[in-house]
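Peer 1: My questions will all concern the structure given below.
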Amino acid sequence: MTDKQHVVELLDRLGPDQLSAVAKLLEVIVHDDDDNLTDEDRRAVAASREYFRKGGAGVPFEQLVADLGLTMEQVRNNKSD
């Protein structure tokens, strides 16, 4: 099964609200907004893509939240105190 076939299979399982959210996400991904990027931004994006292409791993959201000194409860409730 190709990636595209797998995505279509997953899309077929989504409800209307979920499908709407995925559609908006795809629009953001597909939208080419390079006009607003500086040369420094373009270099950073290229470096990031290369990092992940080589198997680099992202940082779990929970770790990022903890590194900022917050709890997941604070994030969920949009509270910083």
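Take the sequence shown: its position 35, counting from 1, is numbered 274 in the working numbering, and each next residue is one higher. We put the CB at the ideal spot given by N, CA and C, even for glycine.
1) For residue 288, report the span of its alpha helix (DSSP H) as first-last.
2) Helix, strand or coil for residue 316 per DSSP?
3) If you reduce the DSSP assignment to three classes, tell me which class residue 265 lands in.
4) In angstroms with no decimal places, state the Cα-to-Cα distance between residue 268 and residue 262.
5) Have a look at residue 327 and residue 307 and give me their C-alpha separation to the nearest angstrom.
Peer 2: Straight from the coordinates:
1) Counted as a single uninterrupted DSSP element, the alpha helix (DSSP H) harbouring residue 288 occupies residues 278-292.
2) In the structure shown, residue 316 sits in coil (DSSP, three-state: anything other than H, G, I, E or B).
3) Helix, per DSSP.
4) Within the model, the alpha-carbon separation for residue 268 versus residue 262 is close to 10 Å.
5) Nothing can be reported for residue 327: it is not among the residues displayed for the chain, which extend from 240 to 320.
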